[in-house]
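Accompanying notes for the structure given below.
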Amino acid sequence: MSDTAIKPRMEKVPFKEQFFQKLPVLLVPLLALAGLVAIGNPASWLTLTVAGLAMGMMIFIMASGLTVVFGLMDVINFGHGAFVAVGAFVGFTVLAWLAGWTASPSVMLNLGAVLVAILAAMLVTGLLGYAFERVIVMPVYGQHLKQILVTMGGLIVAQQMIYVVWGPDELHLSRPEAFQGSIVFGEAAIEKYRLVAVGIGLALFLAMGHILKNTKVGLLVRAGVENGEMVESLGYRIRRLFLIVFMTGSALAGFGGVMWGLYQETITAHMGSEIMVLVFIVVIIGGLGSVEGCFIGAMLVGLLANYTAFLAPKVALISTIALMVVILMWRPQGLYPVVKAK
Amino acid sequence: MLTKLLSGDTPRSGLLTLLLLIVLISLAFAPFLFPGTKSLETAARICIFIVLVASYDLLLGYSGIVSFAHTMFFGIGAYGTALALSTTGPSYWSLIWGTATGAVVAAVFALAIGLFSLRVKAIFFAMVTLAVASAFAVLVSQMSWLTGGEDGLNYRIPRELTPAFKLVDEKILGVRINGKLLAYYLVFFASAALFLLMLRIVNSPFGRTLKAVRDNAFRAEAIGYRVVWYRTTATVLSAIMAALAGSLLAVWLRYTGPATTLSMEIMIDILLMVVIGGMGTLYGAVLGATLFILAQTYLQNLMGVAAEVTSAVPVVSTLVAPERWLLWLGVLFILSVYFFPSGIVGRLRAGRA
């Protein structure tokens, strides 16, 4: 070993370029500020902002799996919404069994019930994701057209199966005692559940960031997104990695489904396809395959949807489409385009 | 002459020709062969959906683009006609300008969406259209002052097309020759004309180029065809056709609402019809639409019988209940994408070779 061993040269990205790349981070506070100006009343602004962030966090939970799956394997799962719906139904069923826990005033029991429900939902949707990947997605790798069609077919079948298992009616369930009501903060009333949702979403985002940045699996996932063939040639089975990611993504969708169900307190079999619209917008805004972009996109959509619902209810849904159009005009590949080395 | 009418694209299979002839003859003489209101409704629905599904095939089968906004264009056409008829009265003039406006608006929408999102990826287009279409559906149901919201619009159509108008006093072959019959034949001949027009389009040099773009966009671009332009034009053409089909539906039903034109269920139905019938051939649209609508109308009764027979068996009876027929279609859909992606028509043609 000589001292002249070639050292890898780390390229320093110039500050200006770095700043430009990170620019989308500023969008969220900018939008919040614009909302404050437009609404005028700080108290209602605070309520709406927390509501928007909560909504954004829940969408992020559901969308993150989809975007990583796309980044890694170039697979877009139109049946992702089915996992959301199944997760919500499983979660509600478990919560209904644990009615004694949810009705008690003890915060710990309430939390425990929700935790059990979430775990059950994640387990079921994770296993469902396994089946989905093996049966539906695997035969059509690399064929986008067929993927879209087949996953859409999977969505239809899954929705119908929900009808078979849980019946045609929608389910109602009120939140556990501890999450009901709101905290009054100055003049602003903030629902407790929304704060919980923000907390969980933020924790999940940080955890995902940590796993992707600091663990071996995360490293492989990131490498796979950039160049799957190279990862494979280094001896890693990318198909198995993908299966793990797909199952995790499905489980997260189920997680998001429970959260969303508790937020709305009513769930239907087609809730998945309704939420998918928002999820798709978020994934497109963020840039297909990018987790950070997905997070920022989810926050933007959540905030904007709540602000416009307050200011001009009729245009609420159109506003998110408009946001997507504006963002794509600025960055045609989304906020954080995923660069494939090919 | 016949070959020219079909633009040189003959069915190329004996059995397929037979099936198509059966469909054509049944539809052409539907009022006489199958008297009754329900069967006439079914026949008209089949005619309209053949056009709608064929126009979707123009995108999916011939251009390889997945769009979820097809019902939006269908709805734009239907609402264009409906609004014209309800605001300016039941005259032919308002029928024509309503239809034309609907088609133009659909074309402009398609152009905007196409230019905006077809540059990137097929998958992108699918997601964008899904988002735009659902926003449009919400918008229509919220602008109740214009569109009647969820209730939709009821309006009158020119008197000659309503059952109250009698052309001949006597019955011919036991069928009353009234305005409803005229309306049916309006739908039938308009659908036939639109279908032949689409056949012309896909067999023109333009259609050939579309297939080239579908099969290998990169190579087509290299030869010198502007891929984005071809894809966008296909989107616009298919949107116009869908809008015209929507206008036919508006005239036939004398009612236009979100449930009959814009709902996601119809979008999924169209998707199923195209894939089961056969992508990339317009005859697939004919068979797909016919089989699907017949099944929708009559198979559900059969499933009801099956559910009653199996009512003692707990799980099976819920699985075959008539409301669950979409479950089986979904399974059929997935299987057909895997095992015979060219659908019924592809199967029949392959069987001949």
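Chains A and B are the protein sequences, given in the same order.
The working numbering numbers the first residue of the first sequence as 17 and each following residue consecutively.
The working numbering numbers the first residue of the second sequence as 91 and each following residue consecutively.
Virtual Cβ for every residue (Gly too), placed ideally from N, Cα, C.
**OP:** Note the first and the last residue of the continuous alpha helix (DSSP H) segment covering residue 384/A.
**Re:** Any property of residue 384/A remains undetermined from this structure, which presents chain A solely from 17 to 358.
Subject >> Unbroken alpha helix (DSSP H) run spanning residue 375/A, endpoints >> reply: Absent from the structure is residue 375/A, since the part of chain A shown begins at 17 and ends at 358.
**OP:** Quick one: which unbroken alpha helix (DSSP H) runs of 4-plus residues sit fully inside the segment 194-256 of chain B? Chain order, please.
**Re:** 212-232, 234-237
Subject >> Contact list for residue 397/B against chain A, beta-carbon separation under 8 angstroms >> reply: Among the residues of chain A, none has a CB under 8 angstroms from the CB of residue 397/B; the nearest is roughly 12 angstroms distant.
Subject >> CB contact flag (residue 164/B, residue 351/B, <8 angstroms) >> reply: yes
**OP:** Would you tell me roughly how many angstroms separate the C-alpha atoms of residue 348/B and residue 332/B, rounded to the nearest one?
**Re:** 15 angstroms
Subject >> Contact list for the segment 130-164 of chain A against chain B, Cβ threshold 9 angstroms >> reply: 151, 152, 155, 156, 160, 161, 162, 163, 164
Original post:
Which residues of chain A have a Cβ atom closer than 7 angstroms to the Cβ of residue 420/B, listed in chain order?
Top reply: 169, 172, 173, 176
**OP:** Find the nearest neighbour of residue 292/A within the set 183/B, 186/B, 220/B, 111/B, judged by alpha-carbon distance.
**Re:** Closest by alpha carbon: 220/B.
**OP:** May I ask you to list, following chain order, the residues of the segment 246-268 of chain A that have a beta carbon less than 8 angstroms from some beta carbon of chain B?
**Re:** none
Original post:
Going by the beta-carbon positions, is the gap between residue 167/B and residue 335/B smaller than 8 angstroms?
Top reply: A Cβ-Cβ contact shorter than 8 angstroms links residue 167/B with residue 335/B.
Subject >> Beta-carbon proximity list for residue 298/A, same chain, < 7 angstroms, skipping 5 on both sides >> reply: 75, 79, 310, 313, 314, 317
Original post:
If we ignore side chains and look at the alpha-carbon of each, how far apart do residue 367/B and residue 254/A end up?
Top reply: 36 angstroms
Original post:
Is it true that the segment 63-75 of chain A meets the segment 131-143 of chain A, where meeting means three or more beta-carbon pairs spaced less than 8 angstroms apart?
Top reply: no
Original post:
If we count Cβ pairs, one from each stretch, closer than 8 angstroms, do we get three or more for the segment 81-93 of chain A versus the segment 157-169 of chain A?
Top reply: yes
**OP:** Give a yes or no on whether the minimum CB-CB distance between residue 224/B and chain E is below 8 angstroms.
**Re:** Here the protein chains are A and B, and chain E is not one of them.
Subject >> CA nearest to the CA of residue 85/A, picked from 280/A, 170/A, 207/A, 258/A >> reply: 258/A
Original post:
Within 10 angstroms of its Cβ, does residue 102/A collect 16 or more other Cβ (buried), or is it exposed?
Top reply: Label assigned to residue 102/A: buried.
Original post:
Can you find at least 3 beta carbon pairs, one from the segment 338-348 of chain B and one from the segment 120-139 of chain B, that sit closer than 8 angstroms?
Top reply: yes
Original post:
Checking contacts by CB at 8 angstroms: is residue 413/B closer than that to chain A?
Top reply: yes
Subject >> Whole-angstrom C-beta distance between residue 158/B and residue 200/B, which should lie under 8 angstroms >> reply: So it is not a contact: roughly 13 angstroms between Cβ atoms.
**OP:** Thinking residue 149/B and residue 322/B are a contact (beta carbons under 8 angstroms), I'd like their distance in whole angstroms, please.
**Re:** In fact, because the Cβ distance is near 11 angstroms, the residues do not count as touching under 8 angstroms.
Original post:
Using a Cβ-Cβ distance under 8 angstroms, would residue 352/B count as near chain A?
Top reply: no
Original post:
Whole alpha helix (DSSP H) runs in the segment 267-309 of chain B with 4 or more residues, listed along the chain?
Top reply: 269-292, 295-305
Original post:
Within 8 angstroms (strictly less), CB to CB, does residue 373/B reach chain A?
Top reply: no
Original post:
What are the start and end residues of each continuous alpha helix (DSSP H) run of 4 or more residues lying completely inside the segment 324-389 of chain B, in chain order?
Top reply: For the segment 324-389 of chain B, whole alpha helix (DSSP H) runs of length 4 or above, ordered along the chain, are 348-351, 354-367, 372-384.
Subject >> Against chain B: residues of the segment 62-75 of chain A by CB proximity under 8 angstroms >> reply: none
Original post:
Closest Cβ-Cβ distance between residue 162/B and chain A: below 8 angstroms?
Top reply: no
Original post:
What in chain A is Cβ-close to residue 274/B, meaning under 7 angstroms?
Top reply: Ordered by position in chain A, no residue passes the 7 angstroms Cβ test against residue 274/B, which lies about 32 angstroms from the chain.
**OP:** Name, going along the chain, the residues of the segment 294-312 of chain A whose beta-carbon falls closer than 7 angstroms to a beta-carbon of chain B.
**Re:** 296, 297, 300
Original post:
What are the uninterrupted segments assigned as alpha helix (DSSP H) that are 4 or more residues long and contained completely in the segment 219-262 of chain A, given in chain order?
Top reply: 232-242, 244-249
**OP:** Spell out whether any CB of chain B is found under 8 angstroms from the CB atom of residue 337/A.
**Re:** Yes - at least one Cβ of chain B is within 8 angstroms of the one on residue 337/A.
**OP:** For residue 217/B, go through chain A and note every residue whose CB falls closer than 7 angstroms to its CB, in chain order.
**Re:** 296, 300
**OP:** Answer yes or no: do residue 40/A and residue 319/A have a C-beta to C-beta separation smaller than 8 angstroms?
**Re:** no
Original post:
Since residue 423/B meets chain A, which of its residues come closer than 9 angstroms, beta carbon to beta carbon?
Top reply: Neighbours of residue 423/B on chain A, chain order: 165, 166, 168, 169, 172, 173.
Subject >> Neighbour-count burial assignment, residue 226/A, 16 or more Cβ in a 10 Å radius >> reply: The residue in question, residue 226/A, is exposed, as its Cβ has fewer than 16 Cβ neighbours within 10 Å.
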